[in-house]
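Residue numbers (my numbering), protein chains in the order written: chain W, 510 to 1061; chain U, 510 to 1061.
One structure is given here, and the rest of the page talks about it.
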C-alpha cells in the first residue's frame, strides 16, 4: 500500500481485548464439555447425514492444563462470502493463538474464498504480512469468494489440498451457508479418516446468523454504525433544509436486522421491516399509502421533510411482488431465446401482457417504467430477476409522489414533496472495525485456535456475554449441527443453519414499534456521528442496540 | 431532542481552540489596519457601487486596548444557503464573544436564512439553547435558506427589521453569493445612515470561496473527510470483492475541489476534474474512452474492479453537453405549453428531433434513454434542466459499458465489467464538525464579534495560518469589496465575489496529476476511515491535503 492513512497507522497500535479466560497461557486453558446436543429440527435426518459429527456437546474454555496446545500445527483459513468489518482480526487472533501455542506452527490463507481450498491457491502468513492488516477493514488480505463446496469433485479436491498441505485444521469465516459448508466438510474429513479438523466463525453484516448460541455475527456492529452515521447526517440535513424526504435503502436481503438497528440508532420517521410486511401481507399500495399518510400529516405541521429506511429485500416480501418475480423468473427462463430477442421496453411489455397471469401483469404495469425496466434488464446469469439491482427506494419514492399528487388534487394534501434516494451497503462492509468488532473478531479467531488445539471438529467458534466488557466474555465452541435443520433449496432438501429473521415479538422490534408512531410525526432524530476508536468508553465501546435489547 | 447519541453528549464537552491573540481578554485586543485595498477587477465600477465601503484596509487583531468591546450590543445572525459542518460553532463563537464583551448583550438568530431578516422571524439565543448545539453539525439550530436580498422592497424590509430590532450588527454566514449580499447590505445600511454593521463568514463545503485572503471556507474539511471515509470503504470493498467498478459522484457543481481533495485522500483509479474537462474541451466520448482504456488495462492485470470519482457539475463542463443543456433550456422555455403536453418519452424525443439543432439532437440521442429522460423530466420552477438531478455517474457507467461491449466484440477487451453507482452529498453536509472545523468556525464567530466591537462593517471574518496549530492562527477582517469583481448574471452585470475554481497549475491539481497515471492502473488505495475527534493529534487534527499543498 503506497500511502497509509493516519488512522490506519494509529489502528495498528490497537491491542484487541480477549475474554479473561484466554488471557491465561494457552496451555493453562481447557475445554469443558456439556451434555450432548440435538439439532433444532429434523434430528433423525441430520443424524444420518452427520454420522461422525452429530450431537456433540457444547464446550466452554475454563482454567486447566492442556499441554497439547504446544504441538506444532499447520492451519488454513478461508474468508467466505460478502465482506464484513473485522475479518482481518479473526485471522490475527487465529495467527497469534497459533504462534502462542508454538512459534513453529504455520497459518496459511486460502485465496479468494473456498475456491482457494479447491485449487490449493494460498499464501503463507508471517508477522510482516499479518501486521499490515491488524484492525483494518476489508477482506483484501487474502480475498474472499462465494464458491460453495458442493460436488463430490469439490470435496475430493478439498481433501487433496488438505492432505497436500498436511493441514491439521481449516477455519472457515462466513455466514450461514459457509458454516453449513464447514459442518459438511468436517463430516467429510472424518468420514474419510482425514485428520483435518474444521472450525467455523460467524460472519455477516446482515445480522441473520444469530440464535440461542450465537449472540451476534461479526461486522453487524460496524456496518450498522457506519450506516447510522450517514442516516443521522442526512436526518440533520433534512431537519436543516426542511424540504426533502430521503428514501434510504439499506443492505439486508433476507432479514431486516440492519434497518431495524439503524432505526433504533437514528429514530427516523419511518422504517419498513420486511418480516412485518410479509406477516401482514401488506401490498405495495398499502405501504405507499402508509408513507403518504405520514408525509401528509407532517405537512400539516409544516414539516415537508423526513427520512425513511427501506430494507434491501423488501420487494420479495410484498406478496404480489413476490408472485410477480417468481412468475417473471419462470416465464423468462422458459422462453429465454424468444424473450431475449425483444429489444424495446414496449416490446417486452407487450410480451409480458400476453404471457403473465392477469394479476401479475397488473402488478407489473402499475410499476413506474424506469423501475419495471430493472426487473427485465438486470438479470443474473441464470436469467433471474436481480432483486439487489431493483431500486426499491426509487420505486417507493415514485409511488408516493403519484399518490400525493392525487391527494393534492382531492384537497387531501397541502404540502410540498421533493425526494432524494440513497442506497447504503458497500459503504459499510469494509469500514475499519469498531472496537467491539475488533475485539470480538480477534477473540473469535483466538478461540478458533483453542478449539483446534483441543482436538474438536465441526464446531463454531463462540464468544458470548457480549454486552459486558470483554474481560467478562466467555469463549467456547458450539457444535455446528446443533444449529441446523433441513430446508428446501432449489428443489432438494438440504441441511442448513437456520437464518434468523427479525422476530416481531422480539425485544428490538417491540422497542421500535413502541416508538414509531411518535417518530413518524414528530421529528425525533438521533445523530450517532462517525465511529470513534479512541474516545470515552461510552462513545467507543458500546455495541448495537439490538444485542443490548436481546441480551440484557 | 428526544435521545442524544453518546457522541453528541461527548462533543458538548469539547472546547474549541482560538488563535492565541483572541485568548486575551477581549478589551486587550485591537484591530491594526493595513493599507487601503482595491477590488480584484472592475475597480471603478465597484467603487461607484460601494461608495461607503469600497477600498477599506485589511485588518488584523493584535494586543492593545479596546474598551469599546464592553459596550452592550444587540446582534443578529443568519445562516445562508446549503448546510456546512460547523455553522453552529460560528454561532457559538459569536455568542461567547458577545457575552465575554458584556453579559447583557444579546444575540438573535434569524430563522431559515435571509428571509428571517426580511420577515423579522427570529429567536433569541440563550445559554441553554446555545449549549444544545455546540460542536454539532447541521444548520437546524436556526435553519437556513436560499432567499437573496435583491429587490428594493427586500432591502427596505431588512432595514426595517434591523431598526425594529435595534441591531448593532448582522453576521451573515454563507458562500460567495451570501457574502456578496453581506457587502451590499453593509453598503445599504451605511448609505441610509443606519448604525447596523454587517460582517460575513466564509462557508461552503464546495471549497470554492477561497482566494489570496481566504485560505479555506468552513465545512470543506469535514465534508471531504466524510466522503473520503466512504470512498475509502468502497475502495477496500472493491479490492476485496474484486468484481465491481464503482462510479461515485460527489457534490461540487461549479468547482471540483471536493473531488480533487477526496482523490488526494483516497487515491482512486480515476478522478475527473470539471475544470480540466472544460480546459481541454473533452467530449463525452473522449471521457468514456479514457475510462474504458483504464478498465481494459486493469483487466489485463486481472483487476476487474476500480473506483472512479466524478464531480457533480461535470456535464456542464463537457462542451457538447453544455450546448445541449443551454438549447434545451431555451427551447423548452420558449415552447413551454406545447412541450408540457407531450406525455411519453417517444413524443418528447420526436419533438426535440424537430426543434433542436442537429448537433444538439445528436448529443441528446446518444444518451442512454433513462438519463436522457432526466434532462426532460426534472426541471426546476423556471423550466430549466436540473443538472443536480442528472445521474452523471449512471450516464458514464452506461456509456463505458457500451464502449467495453464493442471492444470485447473486437477482441480489444478481455475483462468482466459490472458497476455500481453512488452519489455522496447529503451524507457530509451535516456531519459533526471535525476538530479543525469546530475550532475554525468558533474562531470565525468569535472574530466576527471582535470586528463588530471594533466598529467595522462590510468585512469578512478572517482566520488564517490554518495549516499551523490553532494557537498560531491569526484573526482579522478582510473588506468584502476587495474580493469582488463584476460578472454577467442572468443578463445583467453584477458585483460578485469571484468563485475559486480548481487551478490546473495549482499545487493540489499538480500533485494529483503527478500520481494519477500510476493510481489509474496500479491499485494504490488509501483508507482514511471515519473522522476521529478524540485520538492522537495526527489522526484528529490534520486538515485537508488541499490547504496543506496550497499554503505550506
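Glycine residues also receive a C-beta, built at the ideal position from the N, C-alpha and C atoms.
Fair warning: this is a prediction, and the values are worked out from it, not measured in the lab.
Supposed close pair residue i, residue j - CB separation, criterion 8 Å
i	j	result
residue 943 of chain W	residue 1040 of chain W	5 Å
residue 776 of chain U	residue 733 of chain U	The pair is not a contact, with the Cβ atoms about 14 Å apart (cut-off 8 Å).
residue 705 of chain W	residue 676 of chain W	5 Å
residue 622 of chain W	residue 939 of chain W	Wrong, their Cβ atoms sit about 16 Å apart, outside the cutoff.
residue 478 of chain W	residue 969 of chain W	With chain W covering 510 to 1061 only, the question about residue 478 of chain W has no answer from this structure.
residue 588 of chain W	residue 596 of chain W	5 Å
residue 708 of chain W	residue 678 of chain W	6 Å
residue 515 of chain W	residue 1047 of chain U	5 Å
residue 778 of chain U	residue 1028 of chain U	6 Å
Where residue i falls, given that 16 or more other Cβ within 10 Å makes a residue buried
i	result
residue 820 of chain W	buried
residue 539 of chain U	buried
residue 956 of chain U	buried
residue 946 of chain W	buried
residue 766 of chain W	buried
residue 730 of chain U	buried
residue 644 of chain W	buried
residue 715 of chain W	buried
residue 999 of chain U	exposed
residue 867 of chain W	exposed
residue 836 of chain W	buried
residue 964 of chain W	exposed
residue 702 of chain W	exposed
residue 895 of chain U	exposed
Beta-carbon gap between residue i and residue j smaller than 7 Å
i	j	result
residue 636 of chain U	residue 620 of chain U	no
residue 770 of chain W	residue 1055 of chain W	yes
residue 960 of chain U	residue 986 of chain U	yes
residue 617 of chain U	residue 652 of chain U	no
residue 592 of chain U	residue 746 of chain W	yes
residue 792 of chain W	residue 908 of chain W	no
residue 756 of chain W	residue 531 of chain W	no
residue 900 of chain W	residue 816 of chain W	no
residue 823 of chain W	residue 783 of chain W	yes
residue 682 of chain W	residue 712 of chain W	yes
residue 563 of chain U	residue 569 of chain U	no
residue 561 of chain W	residue 672 of chain W	no
Where residue i falls: helix, strand or coil (DSSP)
i	result
residue 599 of chain W	helix
residue 541 of chain W	strand
residue 838 of chain U	helix
residue 997 of chain W	strand
residue 968 of chain U	strand
residue 936 of chain W	coil
residue 736 of chain W	helix
residue 656 of chain U	coil
residue 548 of chain W	coil
residue 638 of chain W	helix
residue 579 of chain W	helix
residue 961 of chain W	helix
residue 624 of chain W	helix
residue 643 of chain U	coil
residue 589 of chain W	strand
Chain-ordered chain B contacts of residue i [CB-CB under 7 Å]
i	result
residue 751 of chain W	Reference to chain B is not applicable here, since the protein chains of this structure are W and U.
Residue i: CB within 6 Å of a non-hydrogen atom of the ligand HEM
i	result
residue 818 of chain U	Although the ligand HEM was asked about, the structure shown includes no ligands whatsoever.
Entirely enclosed alpha helix (DSSP H) segments - the stretch 779-821 of chain W, minimum 4 residues: For the stretch 779-821 of chain W, whole alpha helix (DSSP H) runs of length 4 or above, ordered along the chain, are 783-788, 793-809.
Ordered list of alpha helix (DSSP H) runs contained in the stretch 977-1052 of chain U, each at least 4 residues: Listed in chain order, they are 1016-1030, 1046-1049.
Whole runs of the alpha helix (DSSP H) within the stretch 837-874 of chain W, excluding any shorter than 4 residues: Segments of the alpha helix (DSSP H) lying fully in the stretch 837-874 of chain W: 845-850, 854-864, 867-874.
Residue ranges of each alpha helix (DSSP H) within the stretch 875-921 of chain U, 4 or longer: Counting only runs of 4 or more, we get 878-886, 901-918.
Contiguous beta strand (DSSP E) assignments of at least 3 residues, all confined to the stretch 695-781 of chain W: DSSP runs (the beta strand (DSSP E)) wholly in the stretch 695-781 of chain W: 706-711, 754-759.
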